[in-house]
Amino acid sequence: MKISAETLRGEILLAKTDGRILPLESPIGIMVLSGPPAMRGGRIIAEWSEENIDRIYSAAVLDFTMGSRNPWIMLNGERNQLPMMLKTALECDIPAGRIACVDCGARPHGNTKSQFTVLNTEPRILNSQGNVVVITSWYHMARVARTIPKNAPANENLRYWVYSPQPPNNFVVSDKTIEGEIERILKYIEAGDLVEIPEPYLPKLQFA
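Residues in the sequence shown are numbered from -10 upward in steps of one, following the numbering used here.
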């Protein structure tokens, strides 16, 4: 394995301040990956969390700035999270007719990998051509960029752009979370579930 934990740490921290590159051409779709639920004392207290709200709100802002282009909005999350995600999206004035909810599995089986393998039955992904913006949190971008090449459906006409809401000040990301992310990336690379080095997406964090 060529990549080191230190290299990944630098990549993740860079994403905190430089995670807003978007395609020059308007995307055909915006995919929001669900974030962790609200926790207290190691227990889930609500599916709603500041991190999830931040991601969905960012999708609504992007959608608004595109005017009449009307991309589809895909809410991609665990079965437990989808009702909260849909409610939040509607409260952000995303039109219901353009929302698709994708169930990546029940907890604890849903994960970043399953969020892309489940797309093998999603016609919006299989039959589309153009750009798709994938919204996640800054500390998660490095893993998403490595997950897509191994697990998203093969479609040479589709380009993914990993995007992070900025500024990332609506929720706290601990050092423990970052270190856990690094450990997972290295573990999943070793298992063959992620590519080691994705197509260059730094420093602008474009993944295409």
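The beta carbon of each residue, even a glycine, is placed where N, CA and C say it ideally should be.
If you draw a straight line from the alpha carbon of LYS(-9) to that of PRO97, how long is it in whole angstroms?
-> For this step, residue -9 is matched to residue 2 along the sequence shown. For this step, residue 97 is matched to residue 108 along the sequence shown. Pairing LYS(-9) with PRO97, the inter-Cα distance amounts to about 30 Å.
Reduced DSSP category for PHE22 - H, G, I as helix; E, B as strand; rest coil = The residue given as residue 22 occupies position 33 in the sequence shown. In the sequence as presented, Phe is not what sits at residue 22; that position holds Leu. Annotated three-state conformation of LEU22 is strand, per DSSP.
Should LEU51 go down as buried or exposed, given a rule of 16 or more other Cβ atoms within 10 Å for buried?
-> Against the sequence shown, residue 51 aligns to sequence position 62. Its Cβ being crowded by 16 or more others within 10 Å, LEU51 is buried.
Give the secondary structure of LEU64 by DSSP, where H, G and I count as helix, E and B as strand, and everything else as coil.
-> Residue 64 sits at position 75 when you count from the first residue of the sequence shown. Residue state, collapsed to three classes: strand.
Can you give me the Cβ contacts of GLU67 inside the same chain, cut-off strictly under 7 Å, excluding the 5 residues immediately before and after it?
-> Indexing the sequence shown from 1 puts residue 67 at position 78. Cβ contact annotation for GLU67 (same chain, cutoff 7 Å, sequence separation greater than five): SER23, CYS93, GLY94, ALA95, ARG96 and GLY99, in chain order.
With distances taken from CA atoms, which of PRO187, LEU175 and GLY86 is nearest GLU(-5)?
-> Along the sequence shown, read from residue 1 onward, the residue named residue -5 stands at position 6. The residue with the shortest Cα to Cα distance from GLU(-5) is LEU175.
On the three-state DSSP scale, how would you describe ILE(-8)?
-> Here residue -8 corresponds to residue number 3 of the sequence shown, with the count starting at 1. ILE(-8): coil per DSSP, three-state reduction.
Spatial neighbours of GLN70 in its chain, beta-carbon cut-off 6 Å, leaving aside the 5 residues before and after | Taking the first residue of the sequence shown as position 1, residue 70 is located at position 81. Correct list, in chain order: SER23 and GLU36.
Would GLY31 be called buried (16 or more neighbouring beta carbons within 10 Å of its own) or exposed?
-> By 1-based counting over the sequence shown, the position of residue 31 is 42. Its Cβ having fewer than 16 others within 10 Å, GLY31 is exposed.
Spatially closest choice to ILE186 from MET130, THR166 and ASN144, by CA coordinates = As a working note, residue 186 is residue 197 in the sequence shown. Per the Cα distances, MET130.
Could you say if the segment 69 to 85 and the segment 38 to 52 meet the contact criterion of at least three C-beta pairs nearer than 8 Å?
-> yes
Give the straight-line distance between the Cα atoms of ALA145 and ASN65, rounded to the nearest whole angstrom.
-> Translated into the one-based positions of the sequence shown, residue 145 becomes position 156. Translated into the one-based positions of the sequence shown, residue 65 becomes position 76. The sequence as given places Glu at residue 145; Ala does not occur at that position. Cα to Cα, GLU145 sits roughly 21 Å from ASN65.
Residues bridged to ALA35 by DSSP?
-> Your numbering for residue 35 matches position 46 in the sequence shown. According to DSSP, ALA35 shares a beta bridge with ALA27.
ALA180 versus CYS81: straight-line alpha-carbon distance, rounded | Start at 1 with the first residue of the sequence shown, and residue 180 comes out as number 191. Start at 1 with the first residue of the sequence shown, and residue 81 comes out as number 92. If I take the Cα positions, the gap works out to 39 Å.
Other residues of its chain near ILE17: CB distance less than 6 Å, five sequence neighbours each side excluded | Translated into positions along the sequence shown, residue 17 becomes position 28. The residues are PRO60, SER117 and GLY119.
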